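J.: Quick note: the sequence shown uses full-length UniProt numbering, first residue 1, plus one each step. We treat Cβ as the ideally placed atom computed from N, Cα and C, and that holds for glycine. As the structure is a prediction and not an experimental result, all values here were calculated from the model.
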Amino acid sequence: MEETQEKKLLHSKEKCHLCVCGKRCKSRNALKQHSRFHTNEKPHVCKMCGKAFIQRGDLKTHLRTHTKEKPYVCEVCDMAFTQSNNLKTHLRTHTKEKPNVCEECGMSFTRSDNLNTHLRTHTKEKPYACEICDKRMARKSSLNEHLRIHTEEKPYVCEECDMAFTQRGSLKTHVRTHTKEKPYVCEECGMVFTQSNTLKIHLRTHTKEKPYVCEVCDMAFTQRSNLKTHLRIHTKEKPHVCDICQKAFCHKNGLKTHLRVHAKEKKMKPVM
Numbered sequence: 001m002e003e004t005q006e007k008k009l010l011h012s013k014e015k016c017h018l019c020v021c022g023k024r025c026k027s028r029n030a031l032k033q034h035s036r037f038h039t040n041e042k043p044h045v046c047k048m049c050g051k052a053f054i055q056r057g058d059l060k061t062h063l064r065t066h067t068k069e070k071p072y073v074c075e076v077c078d079m080a081f082t083q084s085n086n087l088k089t090h091l092r093t094h095t096k097e098k099p100n101v102c103e104e105c106g107m108s109f110t111r112s113d114n115l116n117t118h119l120r121t122h123t124k125e126k127p128y129a130c131e132i133c134d135k136r137m138a139r140k141s142s143l144n145e146h147l148r149i150h151t152e153e154k155p156y157v158c159e160e161c162d163m164a165f166t167q168r169g170s171l172k173t174h175v176r177t178h179t180k181e182k183p184y185v186c187e188e189c190g191m192v193f194t195q196s197n198t199l200k201i202h203l204r205t206h207t208k209e210k211p212y213v214c215e216v217c218d219m220a221f222t223q224r225s226n227l228k229t230h231l232r233i234h235t236k237e238k239p240h241v242c243d244i245c246q247k248a249f250c251h252k253n254g255l256k257t258h259l260r261v262h263a264k265e266k267k268m269k270p271v272m
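As structure tokens, this is what we get:
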């Protein structure tokens, strides 16, 4: 910003140190510091990595990423933090305080950024776009996980069988195949499941809900995969091909049944 504009920011006719943006500051020095948010002046530079900051306090906090100093300690569980705000937010995990409430549905959160992310479920806003396939996400973390589909990076590895996954949640679900843990219980019939999504699909057997409807014949299904398979009746698509005679089938089960014909033929064929 030009020097004249900076002077305009600092020198207001009112004695209460009023910035042109309307903010009132307690002192001339406070107004000078505030004006840097407009001028983008960053005089406080980290000697270790060169990163610059508007306020001295921000530099002081940043330096802890290099020194690993964590002066703010939780008295309940001894977890330590670099910033007092992070400790304050963490304490809510113990007090169960959730001061950030969604005005749309009443859901509450310990952190304001979690509320902001949640609000996108109502606004349908998806600000994070994939540069490869243009798919959009509501959360940056979701975009980072999605990008691994393209990079084929699988950082989450099962310690039991070395199977690797792009998402932490997928690994967590997979581990249950080893532990046999099934934390999701159907309240109707007591059936248990390893995944919440599987329970959700199962519940439709009780509610009779069929949300996936064929646009061609209006036939409805409890699962998206069943609708996808059904659509092949209309599209005549037959993706399941027999390696022996090249006969193709709409359904995997159709191919499976067909293969028994070859198995039977092989069994009946006389040995030369």
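If the criterion is Cβ atoms closer than 8 Å, does the pair A164 and V157 meet it?
T.: yes
J.: Thinking just about the alpha-carbon of each residue, which of Y72, H202, L259, C250 is nearest to the one in E187?
T.: H202
J.: Look at the Cβ atom of K98, then the Cβ atom of F81, and state whether they are nearer than 8 Å.
T.: no
J.: Have a look at V20, M79, Q83, C130 and flag the residue whose alpha-carbon is nearest the alpha-carbon of R64.
T.: Q83
J.: Give a yes or no on whether the C-beta atoms belonging to H38 and L59 are separated by under 8 Å.
T.: It is not a contact, given that the beta carbons lie outside the stated cut-off.
J.: Expressed to the nearest angstrom, what Euclidean distance is found between the alpha-carbon atoms of A129 and E152?
T.: Cα to Cα, the separation comes out at about 18 Å.
J.: Can the beta-carbon of T110 be found closer than 8 Å to that of T93?
T.: In contact: T110 and T93 (Cβ atoms closer than 8 Å).
J.: Note the first and the last residue of the continuous alpha helix (DSSP H) segment covering M268.
T.: 252–268
J.: Is the distance from the Cβ of M219 to the Cβ of H230 below 8 Å?
T.: yes
J.: With H90 and E104 assumed to form a contact (beta carbons below 8 Å), what rounded beta-carbon distance in angstroms separates them?
T.: Rounded, the Cβ-Cβ distance is 26 Å, inconsistent with contact.
J.: Run through DSSP, which three-state label would L59 get?
T.: Assigned with DSSP and collapsed to three states, L59 falls in helix.
J.: In terms of residue numbering, what span does the alpha helix (DSSP H) encompassing G169 cover?
T.: Where G169 is concerned, the enclosing alpha helix (DSSP H) stretches over 168–179.
J.: Cα separation between P239 and S170?
T.: 27 Å
J.: Alpha carbon to alpha carbon, how far is S108 from C74? Give it in angstroms, no decimals.
T.: 23 Å
J.: Look at the Cβ atom of F193, then the Cβ atom of K182, and state whether they are nearer than 8 Å.
T.: yes
J.: Closest to H66 by C-alpha separation, out of I54, V76, C46, G190, would be which residue?
T.: Closest option to H66, judged by alpha-carbon separation, among I54, V76, C46, G190: C46.
J.: Between V20 and K32, what straight-line distance do the alpha-carbon atoms span, to the nearest angstrom?
T.: 12 Å
J.: When the Cα atoms are used, what is the spatial distance from M268 to T177?
T.: Each residue's Cα considered, the two are about 40 Å apart.
J.: What did DSSP end up calling A248 once you bin it into helix, strand or coil?
T.: A248 carries a strand assignment under DSSP once its states are collapsed to helix, strand and coil.
J.: I'd like the span of the alpha helix (DSSP H) that includes I54, first residue to last.
T.: Careful: I54 lies outside any alpha helix (DSSP H) and carries neither H nor E.
J.: Helix, strand or coil for R111 per DSSP?
T.: coil
J.: Compute the Euclidean distance between the alpha carbons of L227 and L199, then round it to the nearest angstrom.
T.: 19 Å
J.: What is the DSSP secondary structure of H90, reduced to helix, strand or coil?
T.: It is helical.
J.: Give me whichever residues DSSP pairs with L18 in a beta bridge.
T.: R24
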